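> Chains as they are written, first to last, in this note's numbering: chain B, 1 to 125; chain X, 126 to 287.
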Amino acid sequence: MGPLLNCPSMDLDLESTRRGTASVLTLRGEIDVYTAPRLRQAIVDLVNGGATRVVVDMEKVDFLDSTGLGVLVEGLKRARSKESDLAIVATQDKILKIFDITGLNKAFIIHRTLDEAVGESPAES
Amino acid sequence: MRPSGNLPRKADTSLAGPDPELDLEFPPRPEFVRVARHAIGALARMHGVTQGIVEDVKLAVSEGCTAAVAANSEAGGTEPVQLRAWVGAESVVIEVLDRSGEPEQLVAGNPRQINTGELPFERLLSVPIIRGLVDEVSIGPREDGPGTRLRMVVSISEDDSI
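1. In terms of residue numbering, what span does the alpha helix (DSSP H) encompassing R80(B) cover?
2. If we ignore side chains and look at the alpha-carbon of each, how far apart do I165(X) and V182(X) end up?
3. Taking just the CA atoms, how far does V174(X) sit from D115(B)?
4. Taking 8 Å as the threshold (beta carbon to beta carbon), is R267(X) in contact with chain B?
5. Do you know how far the Cα of V54(B) is from the Cα of A79(B)?
6. Can you look up S225(X) in the DSSP assignment and give me helix, strand or coil?
7. Which residues in the same chain have their Cβ closer than 7 Å to the Cβ of I95(B), if we skip the five residues on either side of it in sequence?
8. Leaving aside the five residues before and after I109(B) along the sequence, list all residues of the same chain whose C-beta is less than 6 Å from its C-beta, in chain order.
9. From A117(B) to H111(B), what distance separates their C-alpha atoms?
10. So is S23(B) buried or exposed if we call it buried at 16+ other beta carbons inside 10 Å?
11. Pick helix, strand or coil for L12(B), following the three-state DSSP scheme.
12. With DSSP as the reference, label A51(B) as helix, strand or coil.
13. Do L208(X) and V186(X) have their C-beta atoms closer together than 8 Å?
14. Anyone know if the C-beta pair for K82(B) and V44(B) falls short of 8 Å?
15. Between C7(B) and chain X, is there a C-beta pair that is closer than 8 Å?
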């Protein structure tokens, strides 16, 4: 098979909404070296815009690699430097596995539901 | 992608022979890493590999191709990145080849041999992922001229295949 000529379409949708005091970033699609810069910019915009708590909802994320994970780590550091916070919502094994094998499950607060992440239901033990 | 009528059975060096089931070239740009990832996913599913292992293989390919694209970018290269793959009864063998120049390091099989010393942060995170997913890693020069060849083997245990 020879070189591909057609550029594949971008495959990450980002939607920013408010839930109480939290800024929720809902992601749909794949986070990799091509789409991760858009996630980085979205987090930067929220933190610089004064968000006190950013919740990244990854329930509809089909794929995450080290590039996307690096953007989340940058986002967490940026949020904390501005006295904000960044939390994750994720339940899919393929996503949780990446946090686990990199040890970053200890750095992030990972919630099972969006309600839990925005403080509208008690955290599961 | 082309089907092979004679599937290899072992994940050893001889498996990565001259006739890969998947042989894909793509421009060294970030938007094409997704194409490589989906191609290997389709090949693995075609062989009845379970979805969990398919995701592991896609992730390993994404990490390998992202590194190749980054190396090309740093070197200013425009030659295509090549993804080759073989699926056997016990493993998936993946090769990612680029023309970025000589390998930054040589690795001879053990994922723990990957040296993280000079890697930038983004690529640093790929190391534990590859170590966690891949059973064998080799990094060395291409046999057909300048460039780097990354070879990864992901086991498919009997419990993992349909």
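From the three backbone atoms N, C-alpha and C, an ideal C-beta is built for every residue, glycine too.
For clarity, every value in this text was computed on a predicted model and none was experimentally measured.
Answer, in terms of the structure:
1. First-last of the alpha helix (DSSP H) with R80(B): 66–81.
2. 7 Å
3. If I take the Cα positions, the gap works out to 35 Å.
4. no
5. 8 Å
6. DSSP, reduced to helix, strand and coil, places S225(X) outside both helices and strands of the structure shown, so it counts as coil.
7. M58, V61, L64
8. A87
9. 6 Å
10. buried
11. strand
12. coil
13. yes
14. No, the pair does not count as a contact, with Cβ atoms beyond the cut-off.
15. Interpretation of C7(B) is limited by its pLDDT of 44, a score under 50 that renders its predicted location unreliable; the figure taken from the coordinates is listed afterwards. For C7(B), the answer is yes, since a Cβ of chain X falls inside 8 Å of its Cβ.
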